[in-house]
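Throughout the sequence shown, residue numbering follows the UniProt record's numbering, covering 1 to 714 in sequence.
First up is the structure itself, then whatever we jot down about it.
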Amino acid sequence: MSKTLVIVESPAKAKTISKFLGKKYMVKASMGHVRDLPKSQFGVDVSNGFNPKYITIRGKGNTIKDLRAAEKKADQVLIASDPDREGEAIAWHLQNILEIPDDEPCRIEFNEITKQAIQSAVTHPRVVDADLVNAQQARRILDRLVGYNLSPLLWRKVKKGLSAGRVQSVAVRLICDREEEIESFEPEEYWTLTGSFIKTGSAPFEGKLYKYLGKKIDIDSAEKMREVLDSLKGTHYTVTKVTRKEKNRKPAPPFITSTLQQEAYRKLNFTSRKTMMIAQQLYEGLDLGKEGTSGLVTYIRTDSTRVSETARSEAQDYLRKRLGAHYVGKNTPRPAGKGKIQDAHEAIRPTSVNREPDLIKSFLTNDQYKLYKLIWSRFLASQMSQAVFDTTSVDISAGDYMFRATGSVIKFPGFMQVYTESRDDGEKDEEKLLPELSEGESVEARSLTPKQHYTQPPPRYTDATLVKTLEEKGIGRPSTYAPIVETVIKRGYVVRENKQLYPTELGTTVVDLLKKHFLNIIDIEFTAGMEEELDRIEEGTVNWVQVLDKFYTPFNQTLLKADKEIGRVQVADEVTDEICEQCGRNMVIKMGRYGKFLACPGFPECRNTRPLLEPTGVGCPRCEGELVARRSKKGRKFYGCSRYPECDFTIWDQPAKVKCPVCGGLMIEKKGAGKKITLRCINEKCSNKDVANSKVKSRIKKNSENKVENISLQ
Numbered sequence: 001m002s003k004t005l006v007i008v009e010s011p012a013k014a015k016t017i018s019k020f021l022g023k024k025y026m027v028k029a030s031m032g033h034v035r036d037l038p039k040s041q042f043g044v045d046v047s048n049g050f051n052p053k054y055i056t057i058r059g060k061g062n063t064i065k066d067l068r069a070a071e072k073k074a075d076q077v078l079i080a081s082d083p084d085r086e087g088e089a090i091a092w093h094l095q096n097i098l099e100i101p102d103d104e105p106c107r108i109e110f111n112e113i114t115k116q117a118i119q120s121a122v123t124h125p126r127v128v129d130a131d132l133v134n135a136q137q138a139r140r141i142l143d144r145l146v147g148y149n150l151s152p153l154l155w156r157k158v159k160k161g162l163s164a165g166r167v168q169s170v171a172v173r174l175i176c177d178r179e180e181e182i183e184s185f186e187p188e189e190y191w192t193l194t195g196s197f198i199k200t201g202s203a204p205f206e207g208k209l210y211k212y213l214g215k216k217i218d219i220d221s222a223e224k225m226r227e228v229l230d231s232l233k234g235t236h237y238t239v240t241k242v243t244r245k246e247k248n249r250k251p252a253p254p255f256i257t258s259t260l261q262q263e264a265y266r267k268l269n270f271t272s273r274k275t276m277m278i279a280q281q282l283y284e285g286l287d288l289g290k291e292g293t294s295g296l297v298t299y300i301r302t303d304s305t306r307v308s309e310t311a312r313s314e315a316q317d318y319l320r321k322r323l324g325a326h327y328v329g330k331n332t333p334r335p336a337g338k339g340k341i342q343d344a345h346e347a348i349r350p351t352s353v354n355r356e357p358d359l360i361k362s363f364l365t366n367d368q369y370k371l372y373k374l375i376w377s378r379f380l381a382s383q384m385s386q387a388v389f390d391t392t393s394v395d396i397s398a399g400d401y402m403f404r405a406t407g408s409v410i411k412f413p414g415f416m417q418v419y420t421e422s423r424d425d426g427e428k429d430e431e432k433l434l435p436e437l438s439e440g441e442s443v444e445a446r447s448l449t450p451k452q453h454y455t456q457p458p459p460r461y462t463d464a465t466l467v468k469t470l471e472e473k474g475i476g477r478p479s480t481y482a483p484i485v486e487t488v489i490k491r492g493y494v495v496r497e498n499k500q501l502y503p504t505e506l507g508t509t510v511v512d513l514l515k516k517h518f519l520n521i522i523d524i525e526f527t528a529g530m531e532e533e534l535d536r537i538e539e540g541t542v543n544w545v546q547v548l549d550k551f552y553t554p555f556n557q558t559l560l561k562a563d564k565e566i567g568r569v570q571v572a573d574e575v576t577d578e579i580c581e582q583c584g585r586n587m588v589i590k591m592g593r594y595g596k597f598l599a600c601p602g603f604p605e606c607r608n609t610r611p612l613l614e615p616t617g618v619g620c621p622r623c624e625g626e627l628v629a630r631r632s633k634k635g636r637k638f639y640g641c642s643r644y645p646e647c648d649f650t651i652w653d654q655p656a657k658v659k660c661p662v663c664g665g666l667m668i669e670k671k672g673a674g675k676k677i678t679l680r681c682i683n684e685k686c687s688n689k690d691v692a693n694s695k696v697k698s699r700i701k702k703n704s705e706n707k708v709e710n711i712s713l714q
């Protein structure tokens, strides 16, 4: 019996596919790449057309031996690595190792791991795409040219063990630049005034002061606010304009790689790395009991929101049956996204919308269920009709001043029946219904509430906002977003604290050095331009060797010049009052893989290290010790007693400095939507359940001199 050997990348994918193909097929896994540039050598012959020296990856000898043995038993070989540049490069390496002719159709690809998609793919093999291979090869060599030339320079000039990368250095620069903006930011004071109005027989509603003498009003001090309040005393309030509109809101498009990482971070608190790991499991396939093994989502590395007609039709049929025809969206074309869109694959969607999350929940882990439900809901919502809102805007005049009240209620939920996209600022849509008001009608102002604010600096990047920025600026591609974030943290250039990304002193030092001597390497536009060059290689419009030569010639000249000009750069460690118990030196703060720790400066003679305990000022509820911040083995911050191991009390949430007003127990801070922080008592027997909803007053900036009392007008 003739047999076909199908080679995929992972055992999980091999297991799934083998169940679809039957006895005529052998399915083997290459375990990812089998060849690469050597780690211990430069591996690129720059003077000979950037010819790469590929070697078998250590530990892959038995895998290659097994694949060659399987090839001898087969009449045909089909390579089914992932449908992207890297997958094409893996296919090319396997083709060379197995000595398959270049013109032999041995490459198959599919966007989803379902029986229909796999059986169709094996009947339509093609030759390995040289342009895709060259684009990936150019990226790999380009990264090697930068990393293996810049990293040794950093070792010599700054510190051993450092590295620099073509894309990772730009990401660190973005984080450093944002930190610089925050540090140089000077907050400006401003005030708002909210009026509580009432129409006889109706519920009260709120309006904000926004105009004075027909122009937008800006109040920047307590004195000006007092002047406004004095002017409004005894004023008559009249409705001068009522505007009613019907507004529509479109659903968000189905996920692409970057938006999946962003939304999983916002809604599920998943890092980019965790999101892609779980998404890969959903893509490769899971055992669904009687239904068998199947891939649950389409290919997860994509920058296109395109959806196949088959999937669109299936979603529309599902909506008609479950919700009714009025929930089915119109097939209107979506505007192209920002930056370069390769459009090589569909959007990330469920392989079958009829496979509802709750129907297969028992076969999934909790995290797999959460991510699958997110992908399923987003896709279904993208095929639904728009949400319709009834909005009302009311202008209320008070002498020379104008207040505005706005209200919005959902008239038809549309896609919001299934899913709504979250926002970086954590804001939620709230229904605010205004009473029926007519122009010329008088209303009563029950109170005027002044509030002091300060302008805020730009927020630090989170995993989600960094990925969003990288995508918008054209830096990296779908397959690189998650590795970029994890790499800069692993290198010690960036730390993640309370979901925010902070540059370390080391990261700032390296970025400053690169800015001064290698501006192109960390220039955002230059890096985005290189990504476009790689796209042109893939399209077959430019030669990959010429692209590398155009980059390397000036880069090498800059490298030689910088090596002469840069002196030894010292990154000073922060000295503490903690004394090393082994040698008596003052210990210093070092940055490790999981954040800061204390180390003896006498290394290597003295190798003493200790955890860096961050005091909280909150007493331990079990003993006389103090709660301090610590790090778990995985780098997650938690809080424990300073007297450990005598006292083993620990909590994950930050302890509050106020005690529970009911039982006097320990309170913890919980972060809600947006920037709101609430307090919660950890005593499960505490009767005061409302404590969990109290706002943290101690976190609000107070200024007693600028305090302006609310004015009650009743």
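All C-beta atoms in this analysis are idealised placements derived from N, C-alpha and C, irrespective of residue type, glycine included.
Residues of its chain near residue 133, where Cβ-Cβ distance is below 6 angstroms and the 5 sequence neighbours each way are ignored: Counting only Cβ-Cβ distances below 6 angstroms, and skipping sequence neighbours, we find 88, 89 and 92.
Ranges of the alpha helix (DSSP H) found wholly within the UniProt domain "Toprim" (3-113), counting only runs of at least 4: 11-21, 61-73 and 85-97
Flag this pair as touching only if the region 403-411 and the region 382-392 have three or more C-beta atom pairs under 8 angstroms; answer yes or no. yes
Counting pairs of beta carbons, one from the region 463-470 and one from the region 134-147, are three or more of them closer than 8 angstroms? no
Starting from residue 720, trace the alpha helix (DSSP H) in both directions and tell me its first and last residue. Coverage of the chain is limited to positions 1 through 714, which leaves residue 720 absent and any answer about it impossible.
For a minimum of 4 consecutive residues, which ranges assigned as the alpha helix (DSSP H) are wholly contained in the region 202-237? 222-232
Limits of the beta strand (DSSP E) - the one that residue 402 falls within: 401-412
With which residues is residue 453 paired in a DSSP beta bridge? BP columns for residue 453 point to 190.
Residue range of the beta strand (DSSP E) that residue 627 falls in? 626-631
Since I believe residue 171 is in contact with residue 484 (beta carbons under 8 angstroms), could you give me their beta-carbon distance rounded to a whole number of angstroms? 5 angstroms
Between which two residues does the alpha helix (DSSP H) holding residue 524 run? Residues 524-539.
Span of the alpha helix (DSSP H) around residue 470: 463-472
Between residue 399 and the rest of its own chain, which residues show a CB-CB distance below 6 angstroms, the 5 nearest in sequence each way excluded? Cβ neighbours of residue 399 within its own chain (closer than 6 angstroms, five residues either side excluded): 235.
Residues bridged to residue 241 [DSSP beta-bridge criterion]: 395
Hey, out of 681, 326, 610 and 472, whose CA is closest to residue 661's CA? 681
Shorter than 7 angstroms, the distance from the beta carbon of residue 167 to the closest heavy atom of the ligand GTP, or not? Absence of the ligand GTP is noted for the structure shown, with no ligands found whatsoever.
Looking at residue 417: is its Cβ nearer than 8 angstroms to the Cβ of residue 318? no
Opposite residue 590 in the DSSP bridges: which residues? Partner(s): 597.
Whole-angstrom Cβ separation of residue 193 and residue 448, contact assumed at under 8 angstroms? 6 angstroms
Quick check: the region 40-53 against the region 65-74, are there 3 or more CB pairs under 8 angstroms? Judged by Cβ distances under 8 angstroms, the region 40-53 makes no contact with the region 65-74, as fewer than three pairs qualify.
With three or more beta-carbon pairs closer than 8 angstroms as the criterion, would you say the region 287-304 touches the region 359-367? yes
Please state the DSSP three-state secondary structure of residue 577. strand
Just mark residue 475 as buried or exposed, buried being the case when its beta carbon has 16 or more other beta carbons within 10 Å. buried
Smallest Cα separation from residue 241: which of 436, 460, 683 and 33? 436
What is the residue span of the alpha helix (DSSP H) that residue 551 lies within? 544-565
Give me the Cα-Cα distance between residue 566 and residue 608, rounded to the nearest whole angstrom. 33 angstroms
Mind the definition here: the region 155-164 touches the region 117-130 only if three or more C-beta pairs lie below 8 angstroms; say whether that holds. Contact between the region 155-164 and the region 117-130 is absent: fewer than three C-beta pairs spanning the two stretches fall below 8 angstroms.
Check the C-beta distance from residue 108 over to residue 130 and give it rounded, since I have them as a contact under 8 angstroms. That pair is no contact at about 17 angstroms.
Taking its Cβ as the centre, do 16 or more other Cβ atoms sit within 10 Å of residue 426, making it buried, or is it exposed? Confidence is the limiting factor: at residue 426 the pLDDT is only 47, short of 50, which leaves the residue's position unreliable and the question unanswerable from this model.
Answer with buried or exposed for residue 261, where buried requires no fewer than 16 other C-beta atoms within 10 angstroms of its C-beta. buried
Whole-angstrom distance between residue 563 and residue 153, CA atom to CA atom: 7 angstroms
At what residues does the beta strand (DSSP E) containing residue 502 begin and finish? 500-503
With burial defined as no fewer than 16 other Cβ atoms inside 10 Å of the residue's Cβ, what is the status of residue 82: buried or exposed? The residue in question, residue 82, is buried, as its Cβ has 16 or more Cβ neighbours within 10 Å.
Determine the closest residue to residue 280 out of 21, 248, 349 and 229, with distance taken between C-alpha atoms. 349
What span of residues does the beta strand (DSSP E) with residue 638 cover, start to end? Element bounds for residue 638: 637-641.
Cβ-Cβ distance between residue 385 and residue 347 below 8 angstroms: Not in contact: residue 385 and residue 347 (Cβ atoms no closer than 8 angstroms).
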